[in-house]
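See structure below.
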Amino acid sequence: PAEKAMYVDKSKMEFQVQPHLGVSKGEVAKCVLIPGDPDRAKIMSNFLSDKKAIGGKRCFNGFTGRYKGKEISIMPTQMGGPSAAIAVEELIRAGAEYLIRVGTCGAVQKDVEIGDLIIAISAVPEDGTSRSYVNFEPFCPTASFKVINALIRAAELERARYHVGVVRSSDAFYAEDPDTIKKWERRGILAFEMEDAAVFTVAMLRGANAGAIHLVNGNLVKGVQFAPEDELKEGMMRAIRIALEAAFMLS
């Protein structure tokens with residue numbers, strides 16, 4: 014007789030050690046900060062006491078430690094929706110309940126200045142990853158109100174200049190042309206980035222809470238793709254402090 018097929022449901026697979034991140038239950042805090050850049054994760058880890066390295070596979074080099082006494086983890090997702098989705102899936106399986114993305118973005122509104130911060134409430138899903146999760150049906154990847162609220166409260170405490178609104182996530186960093194930028198400017202989108210839609214979608218489908226705060230490092234309607242790094246250092250430190258304070262509130 015023919016061998017009976019046994020189809021894998023990847024959404025329900027369980028592992029003692031997550032196959033891509035290399036983390037296990039007990040190593041990951043309830044609240045995790047997820048920058049894209051591994052170097053940014055190292056900088057963020059300097060705010061933690063009693064920290065230890067976690068993960069380490071495929072350059073997913075993370076940390077768990079304490080911020081003001083609360084346990085918090087940090088795990089870089091690297092670039093783009095596919096990598097971010099894998100990281101979020103495995104962090105949730107390892108015990109994460111709240112995920113805060115700390116990234117950068119290119120503004121597409123004239124009143125959003127380089128160095129400002131953007132707290133995303135939702136993301137236009139122009140990426141392949143988030144749409145794959147919902148069979149390319151209409152869907153609105155949305156941040157958790159709990160995380161949005163914590164980020165706003167923390168930004169107010171920091172006295173930061175910030176904006177709250179919708180961003181656009183896409184896979185192709187260098188594909189934007191003037192017509193694309195003008196179209197989304199007219200629609201009121203605050204900025205372009207690459208991961209929020211995937212992060213929000215996975216969190217929604219898996220019953221977790223996600224949010225995002227971005228440093229504006231360029232303004233695409235003012236002709237600036239990248240501002241000089243030295244102009245952005247304090248802005249990124251401000252975003253990190255806000256994310257940590259929000260994580261403290263949620264932990």
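Positions in the sequence shown are counted from 1; adding 13 to them yields the numbering used here.
Just so it is clear, CB atoms sit at the ideal spot from N, CA and C, and this is done for glycine as well.
Residue range of the alpha helix (DSSP H) that includes residue i
{"i": "Ile67", "result": "Element bounds for Ile67: not the alpha helix (DSSP H) but the beta strand (DSSP E), Ser62 to Gly68."}
{"i": "Ser58", "result": "Pro51 to Ser58"}
{"i": "Glu198", "result": "Pro191 to Arg199"}
Distance, residue j Cα to residue i Cα
{"i": "Thr90", "j": "Val125", "result": "26 Å"}
{"i": "Arg172", "j": "Arg251", "result": "10 Å"}
{"i": "Ile131", "j": "Gln31", "result": "31 Å"}
{"i": "Arg199", "j": "Asp190", "result": "15 Å"}
{"i": "Lys64", "j": "Val36", "result": "15 Å"}
{"i": "Ala211", "j": "Gly128", "result": "25 Å"}
{"i": "Pro48", "j": "Tyr20", "result": "34 Å"}
{"i": "Lys17", "j": "Ala240", "result": "58 Å"}
{"i": "Glu169", "j": "Ser62", "result": "25 Å"}
{"i": "Glu103", "j": "Ala256", "result": "21 Å"}
{"i": "Glu206", "j": "Ala54", "result": "18 Å"}
{"i": "Pro95", "j": "Val41", "result": "21 Å"}
{"i": "Phe261", "j": "His176", "result": "21 Å"}
Helix, strand or coil at residue i according to DSSP, with G and I counted as helix
{"i": "Ala109", "result": "coil"}
{"i": "Glu126", "result": "coil"}
{"i": "Ala264", "result": "The residue you asked about is not Ala; residue 264 is Ser in the sequence shown. Three-state DSSP puts Ser264 in coil, outside helix and strand."}
{"i": "Leu46", "result": "strand"}
{"i": "Ser96", "result": "helix"}
{"i": "Pro138", "result": "strand"}
{"i": "Ile213", "result": "For the record, residue 213 in the displayed sequence is Phe; it is not Ile. Helix."}
{"i": "Ala133", "result": "strand"}
{"i": "Glu84", "result": "strand"}
{"i": "Ala120", "result": "strand"}
{"i": "Gly248", "result": "helix"}
Residue i - containing beta strand (DSSP E), residue span
{"i": "Lys235", "result": "That residue, Lys235, is in no beta strand (DSSP E); it is neither H nor E in DSSP."}
{"i": "Glu206", "result": "Ala204 to Glu206"}
Can you list, in chain order, the stretches of the alpha helix (DSSP H) that have 4 or more residues and sit fully within the segment 144 to 185? For the segment 144 to 185, the continuous alpha helix (DSSP H) assignments of 4+ residues that do not extend past its boundaries occur at 158 to 171, in sequence order.
Whether or not the segment 221 to 238 and the segment 115 to 125 are in contact is what I'm after, with contact meaning three or more pairs of Cβ atoms, one per stretch, closer than 8 Å; do they touch? The segment 115 to 125, when compared against the segment 221 to 238, does touch it at the 8 Å Cβ threshold.
Check whether the segment 186 to 195 touches the segment 140 to 156, taking contact to mean three or more Cβ pairs, one atom from each stretch, closer than 8 Å. Short answer: they don't touch.
Is the segment 93 to 113 in contact with the segment 156 to 173, if contact means three or more CB pairs nearer than 8 Å? Three or more beta-carbon pairs separated by less than 8 Å link the segment 93 to 113 to the segment 156 to 173, which places the two stretches in contact.
Do the segment 75 to 86 and the segment 219 to 229 touch if we need at least three Cβ pairs shorter than 8 Å? With the cut-off at 8 Å, the segment 75 to 86 and the segment 219 to 229 do not touch.
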